[in-house]
Each structure stands twice: as structure tokens, then as C-alpha cells.
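Counting from 1, position 47 in the sequence shown corresponds to residue 47 in this note's numbering; the numbering is continuous, with no gaps. Report on one structure; see the data block that follows.
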Amino acid sequence: MFTSQEVFPGIFHITDAMGVSFTLLAGSERALLIDTGYGLEDAAAYVRTLTSRPVDVLLTHGHHDHALGARWFPSVQMSAEDLPVFRLRTADAQRARVLEQAAAKGLRAPEDFMAAPIPDPEPVAWDRTLAGFPCRLYNPGGLEVLAVQVPGHTPGSVMAFVPKYGLLLTGDDWNPCTWMWFPESLGVVTWRKNMRAVLPAIEKETGAGISHVLCSHQPAPREGAELREYMDYMTDERLDSAPAVDMNSPVRTRQVTCPARDWVLVFDAAK
């Protein structure tokens, strides 16, 4: 069962039964849905309970917990760089793992979950750059949304900023617990460099400060200052001294923590 909260007027943060969140930005003419969840429930039908306007869908990246719900929509957009990730994470092996995870939570999947077609996303039509990062504006009506491709969690990861509310949607490029250890993830130093560069560039471009952040694995907005403090906390010294952590993977993972803030960063030490 989906739940949602209207965090700002016309902006609904939706959480699916598996616990991942995605966001509807409802304008006066259209709506923009950022991500789609695990796909176990009809995301399109739920979105129609929140808006009657036509809906465009933008995936922040190709991982299954964000992209499998694309099955419920006629088309979606995503950075072309994430297409290999999308194809891998929406294939049979990943769907089977999701079914196992859902069963462990006592959740039922649609009968066609394994067989439902999910067409490749349309590539986002970036039309300019911002501090070297591809970007474009969406305007569903009275609500400008600046989408920026910020390689990090995946090569084509996208963040979206709503200047009207100072609201940044980070996808998985940042969560209080950020994972940078997947095969497709960039090296942690490159990710940090990109994040530190793009945040002031977004503010300069839009003339609006980042005052709130919505994450894909958090149910409510967080303060924009926390994101900056998190990035500042991840110093070279902390990365270099980070202890190993077992992620049940052959990847040589290390972990930086800040217990006082419940911050975690898991990264591939070989990159």
C-alpha cells in the first residue's frame, strides 16, 4: 500500500510497501513524477488519486527500486548513461530477488511481475550544462524543476531542484546512508567532487538556496544544511582511515560513519 505526504503545495512524497520513496511534482498543467518505486503496486493508479493532470516520468537512475515501477507508465525518461544499469536491474534475476524480498515482508506481487514488459526509457534531452553537468528545465506549470545529471551513485544519476521551495531531490546521489560501492558507482572521491561542485552551481543558476532535501530512502524532507555538512564531513582523512565493512560482496568496501548524526557512507576502496 502506498502512503504519501504533501511536503509542499502540489509536491507529494510517496512511499511504497517496500519502503522506497518517490516524488510527484504537480503543476497547473502537467505533473512530473521523479522515480517509480519497486513496481509491486500500480504507481500510475495511485498517482491519479493525487493529480488528474498528464504525468511525465523521470527516473533518477536505473536501479530496480526506482525503475521497476516504470512498468505502469507508457513511457519514462532517464539519462542514457544509465541504460545498461536499467536493463540489468529490471531483468529476470533482479525481479526474482525482489519477489523474495517482498515475500519476506509478507507482500504479494502482481501475477505478471516477472513477465511485464518494461521498455527502455527515453533519453533525457539535456539542452545545456551547469558547471559542466548536463541539465534541463521542466515546467509542469507554475513550478520550474531543474534536472541535473550528477554522476556518482551511478554514471547517469540525476538530481532535481525546485527553486520555488528550495527543494532538492537527490535520488540516491545522497542519502544519510549513501552507498557508493556498486560496480556502476563512480569512485568516492569523484562523487564527492561532483556533489561539492554542483550544489553551489544550482544555487547560483536559480538564485535560490537549497533549504530542503528529499531523499529516496527517507520519508520526510531533511534540512539542506545537513547535505552540506555531510559532504564536508567526508574528508580525505576519514576516507583513508575508514574501516572495512562486510557487504556480502567481493567488493573491497569501507565505511565512514558519524554516529551522532546517523550518517553512513559505504564505498569501494579500490576505486
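Glycine is no exception: its CB is placed at the ideal position from the N, C-alpha and C atoms.
Please name the residue in the options whose C-alpha comes closest to that of residue i.
i      : options                        : result
Glu6   : Ala104, Gly37, Thr51, Thr36    : Thr51
Leu265 : Ser185, Ala115, Cys177         : Cys177
Leu107 : Val57, Gly224, Ala269, Met18   : Met18
Val189 : Ala270, Ala225, Arg136, Thr23  : Ala270
Ala131 : Pro151, Pro117, Thr170         : Pro151
Glu184 : Asp56, Phe22, Glu81, Leu32     : Glu81
Val47  : Phe12, Ala67, Val20            : Phe12
Gln218 : Phe8, Ser4, Thr3, Ser21        : Ser21
Pro117 : Met234, Ala70, Arg128, Lys204  : Ala70
Asp35  : Gly171, Ala197, Cys258, Ala220 : Gly171
Glu223 : Trp174, Arg136, Gln149         : Trp174
In this structure, how does DSSP classify residue i when only helix, strand and coil are distinguished?
i      : result
Met274 : Lying before the first or after the last residue shown, residue 274 is absent from the chain, which here runs from 1 to 271.
Asp275 : It is not possible to answer for residue 275, since the shown part of the chain is limited to 1 through 271.
Glu223 : strand
Arg290 : There is no way to answer for residue 290, as the model of the chain reaches only from 1 to 271.
Leu59  : coil
Glu237 : helix
To which residues does DSSP link residue i through a beta bridge?
i      : result
Met159 : Val148
Thr49  : In the DSSP output, where bridge partners are listed per residue, Thr49 has none listed.
Trp179 : Val266
Met78  : Pro123
Glu312 : This structure gives no information on residue 312, because the portion of the chain shown stretches from 1 to 271.
Ser21  : Thr15
Ala31  : Ala26, Val55
Ala244 : Arg254
Leu40  : Answer by DSSP bridge pairing: none, since Leu40 is not bridged.
Taking only runs that begin and end inside the segment 81 to 148, name each unbroken beta strand (DSSP E) of 3 or more residues, in chain order.
128 to 130, 133 to 138
Could you give the uninterrupted runs of the alpha helix (DSSP H) lying entirely in the segment 182 to 214, keeping only those of 4 residues or more?
188 to 206
For the structure I just gave you, are there three or more beta carbon pairs, one from the segment 151 to 168 and one from the segment 58 to 76, closer than 8 Å?
yes
How do the segment 111 to 129 and the segment 66 to 81 stand: do at least 3 beta-carbon pairs fall below 8 Å, yes or no?
yes
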